[in-house]
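Below is one structure, written out as C-alpha cells; the observations come after it.
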Amino acid sequence: MKFAVIVLPGSNCDIDMYHAIQDELGEQVEYVWHDETSLDGFDGVLVPGGFSYGDYLRCGAIARFSNIMPAVKKAAEEGKPVLGVCNGFQILQELGILPGAMRRNKDLKFICRPVELIVENNETQFTSGYQKGESITIPVAHGEGNFYCDEDTLAKLIERGQIAFTYGNDINGSVNRIAGVTNEEGNVLGMMPHPERAVDSLLGSADGLKLFQSIVKNWRDTHVTTA
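Shown next as C-alpha cells:
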C-alpha cells in the first residue's frame with residue numbers, strides 16, 4: 030500500500046507520519062508538496078498536524094485553498110482512506126469532508142500530553158484492530174481541539190456510528206468528549222490526538238500503530254487477491 034503525506038507550509042508532524050508508515054508499518058510512503066495537483070498512484074492520504082499557514086484566520090482556513098486539496102477531496106470521494114490528524118482534521122473540516130468545527134480549548138490553553146481515548150466504533154477501516162470500548166493512550170498537542178457541532182449533527186453522528194474516538198476525560202470541552210469522527214461513508218477519519226506519535230513503546234505508547242495497521246489490513250482485504 031502506498032501513502033501520500035501532504036506537506037503544507039507550517040506542517041510539523043509530516044516527518045512523524047512518514048516515520049510511522051515507513052519504519053513502523055513497513056509500507057510505501059512519499060511526501061507530497063501542497064503545490065502538487067494530483068494524488069494519482071496513491072492508495073491512502075495522510076494530512077498531518079502542525080500550523081498550516083500559521084493558523085491565520087482560522088485553523089485550516091487557508092490550507093483548504095492549496096492546490097493539492099481538490100485531489101484530497103477527490104481521493105475521499107473515490108473511497109480511498111484519508112486520515113487527518115490535528116491540523117489535518119481541521120483542514121478536512123474546512124474542506125467540508127468532515128462535520129463539525131474546532132473552537133479554542135475550554136481553558137484557552139495549549140494541551141500537550143498523553144491522554145486516554147476510548148474506541149467508540151471498531152467497525153471502521155481505521156479502528157478494526159481495536160476492541161469496542163478499548164482504552165488506549167495517544168498524545169495530543171492542540172490549542173483549538175474543542176470539537177463543536179449542533180444537536181442535530183450530534184444525533185446523526187451517534188446514529189450513524191461516525192464517532193470513532195472519545196476522550197476518557199473532558200480535556201478540552203469537546204461536545205460529548207469527541208476526539209475523532211469519520212465521514213458518513215467511513216473512509217475519512219479526522220482526529221485531534223496524534224497516532225503517529227504513538228507507534229513504538231519507546232515513545233510511551235504503541236497504541237497508535239493499530240490504527241495504521243487497520244488501514245492496511247482493510248485495504249488489502251479489499252484490493253489484494255490470491256490465486
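This note's numbering applies: residue 30 is where the sequence shown begins, and numbers increase by one. Beta carbons: idealized from backbone N, C-alpha and C, even for Gly.
Residue i to residue j span [Cα, whole Å]
i      : j      : result
Gly73  : Asn198 : 31 Å
Gln119 : Val111 : 13 Å
Glu188 : Gly237 : 26 Å
Arg249 : Gly70  : 16 Å
Gly50  : Glu59  : One point to set straight first is that residue 50 is Ile, not Gly, in the sequence displayed. Going from the Cα of Ile50 to the Cα of Glu59 covers about 10 Å.
Tyr85  : Val204 : 24 Å
Cys178 : Gln57  : 36 Å
Leu218 : Ala227 : 17 Å
Lys102 : Ile192 : 21 Å
Leu137 : Val253 : 47 Å
Ser131 : Ser230 : Note on residue identity: the sequence assigns Met, not Ser, to residue 131. Cα to Cα, Met131 sits roughly 30 Å from Ser230.
Asn247 : Ala105 : 16 Å
Ser234 : Pro168 : 9 Å
Lys239 : Tyr47  : 16 Å
Pro222 : Ala170 : 7 Å
Leu232 : Gly108 : 32 Å
Asp181 : Gly190 : 14 Å
Arg87  : Ile147 : 28 Å
Residue i, DSSP secondary structure in three states
i      : result
Met221 : coil
Gly117 : helix
Leu146 : strand
Asn196 : In the sequence as presented, Asn is not what sits at residue 196; that position holds Tyr. Of the three classes helix, strand and coil, the one that applies to Tyr196 here is strand, per DSSP.
Gln57  : strand
Gly89  : coil
Arg206 : helix
His252 : helix
Met131 : strand
Asp84  : helix
Pro99  : helix
Leu112 : strand
His48  : helix
Ile244 : helix
Exposed unless 16 or more other CB atoms sit within 10 angstroms - verdict on residue i
i      : result
Gly89  : buried
Cys42  : buried
Arg93  : buried
Ser67  : exposed
Glu225 : buried
Arg142 : exposed
Gly209 : buried
Lys31  : exposed
Ser164 : exposed
Ser95  : buried
Thr153 : buried
Asp45  : buried
Lys185 : exposed
Ala256 : In this prediction, Ala256 scores a pLDDT of 48, lower than 50, which makes its location untrustworthy; no coordinate-derived value is stated.
Residue i Cβ short of 7 Å to the ligand ATP heavy atom set
i     : result
Leu75 : Looking for the ligand ATP in the displayed structure turns up nothing, as the structure carries no ligands at all.
Nearest candidate by alpha-carbon position, reference residue i, set the options
i      : options                         : result
Phe80  : Trp62, Lys109, Leu68 and Gly117 : Gly117
Gln160 : Thr166, Glu149 and Pro168       : Glu149
Ser40  : Asp52, Gly83 and Val228         : Gly83
Gly55  : Val253, Val245 and Asn201       : Val245
Leu127 : Ile35, Asn216 and Ala33         : Asn216
Val34  : Asn175, Gly113 and Asp52        : Gly113
Asn212 : Val76, Gly125 and Leu37         : Gly125
Close-in-space but distant-in-sequence residues of the same chain around residue i (CB under 7 Å, 5 per side omitted)
i      : result
Gly172 : Arg133, Asn134 and Phe139
Ser243 : Gln154, Phe155, Thr156, Ser157 and Gly158
Cut-off 8 Å between Cβ atoms - residues of its own chain near residue i, not counting five sequence neighbours on either side
i      : result
Ile91  : Ser81, Tyr82 and Tyr85
Glu145 : Ser164, Ile165, Thr166, Tyr196, Gly197 and Asn198
Own chain, CB closer than 6 Å to residue i, minus 5 neighbours either side, in chain order
i      : result
Glu123 : Gly89, Ala90 and Arg93
Val61  : Ala33 and Ile35
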